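K.L.:
For the sequence shown, my numbering begins at 60 and goes up steadily by one. Encoded as structure tokens, here's the structure I'll be asking about.
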Amino acid sequence: MKRVMVRSVHDAFEYVMDHYYPAGWGDDAVRSDTYAVISIQDTHTGGFGFCFQESRFCKGVLTLYFDDIIKEVEGAVLFSDEQADQIIDFILAHRDVETLLIHCYAGRSRSRAVGAFAVRMLGGDNSRYFQTGSPNQYVYDCLESAWIRRRIRQS
């Protein structure tokens, strides 16, 4: 994996569409990198009305539904340990793609937390995620804890 990209839902859609080409015009796609998508969707709206799918360039999609909260709130869904494990499994299974695309509605909190974690999990420096924005600390901490538990079980 060469890069982790954190985007809003709108910018993620634009990135994916840059890979589109009409039949017979494959060389005209703006982008040709392989990617995998972690799509974080809101529960109160039942999602964004579309889901990404695998294609010639998209090698995997993980769609999760949870809200941008840090504690239990009636009517909202808190990020779970099970979802943390799903994200870790997905990242490990898609190490061969060039780009990991992570999005939520705004690309500022939930997806930023997942992006920061992914970079750290893959051995990179994730400090820019904290310097230039506000990752959802609860999501980040759940992912870190799940990763630590996994490494302890494997040792």
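The beta-carbon is built from N, C-alpha and C at its ideal position, and this holds for glycine as well. Values in this document were obtained by computation on a predicted structure and should not be read as measured data.
What are the start and end residues of the alpha helix (DSSP H) that includes H69?
P.N.:
H69 -> alpha helix (DSSP H) spans 68-76.
K.L.:
Could you compute how far the alpha carbon of G134 sits from the alpha carbon of D140?
P.N.:
For G134 and D140, the distance between alpha carbons rounds to 19 Å.
K.L.:
Flag this pair as yes or no: are the beta carbons of T218 and Q100 separated by less than 8 Å?
P.N.:
Residue 218 lies beyond the stretch modelled for the chain, which goes from 60 to 214, so this question has no answer here.
K.L.:
What runs of the beta strand (DSSP E), each 3 residues or longer, lie entirely inside the segment 60-132?
P.N.:
With a minimum length of 3 residues, the continuous beta strand (DSSP E) runs that stay inside the segment 60-132 are 62-67, 94-100, 117-124.
K.L.:
Evaluate S38 with the Cβ neighbour count: other Cβ atoms within 10 Å of its Cβ, from every protein chain shown; 16 or more gives buried, anything less gives exposed.
P.N.:
Past the boundaries of the shown model lies residue 38; the chain is included only from 60 to 214, so the question cannot be answered.
K.L.:
For a test of the three-state rule: what should DSSP assign to L202, helix, strand or coil?
P.N.:
Three-state result, L202: helix.
K.L.:
Label P81 either buried or exposed according to how many other C-beta atoms from any shown protein chain fall within 10 Å of its C-beta, with 16 as the threshold for buried.
P.N.:
The residue in question, P81, is exposed, as its Cβ has fewer than 16 Cβ neighbours within 10 Å.
K.L.:
Below 6 Å CB to CB, which residues in the same chain sit around R171 once its five sequence neighbours on both sides are set aside?
P.N.:
So the qualifying residues of the chain are V65, Y188, G192, P194.
K.L.:
Would you mind giving the Cβ-Cβ distance between F125 and L137, rounded to the nearest angstrom? I have them listed as a contact below 8 Å.
P.N.:
F125 to L137, Cβ: 7 Å. Contact.
K.L.:
Is the separation between the beta-carbon of L71 and that of L181 shorter than 8 Å?
P.N.:
The question names Leu, yet the displayed sequence has Ala at residue 71. No.
K.L.:
Please state if the CB of V120 and the CB of V96 are separated by a distance shorter than 8 Å.
P.N.:
A contact, by the Cβ cut-off of 8 Å.
K.L.:
So, with DSSP's three-state summary, where would you put L181?
P.N.:
Three-state DSSP puts L181 in coil, outside helix and strand.
K.L.:
For the beta strand (DSSP E) that contains L7, what are its first and last residues?
P.N.:
No answer is possible for residue 7: it lies beyond the span of the chain, which begins at 60 and ends at 214.
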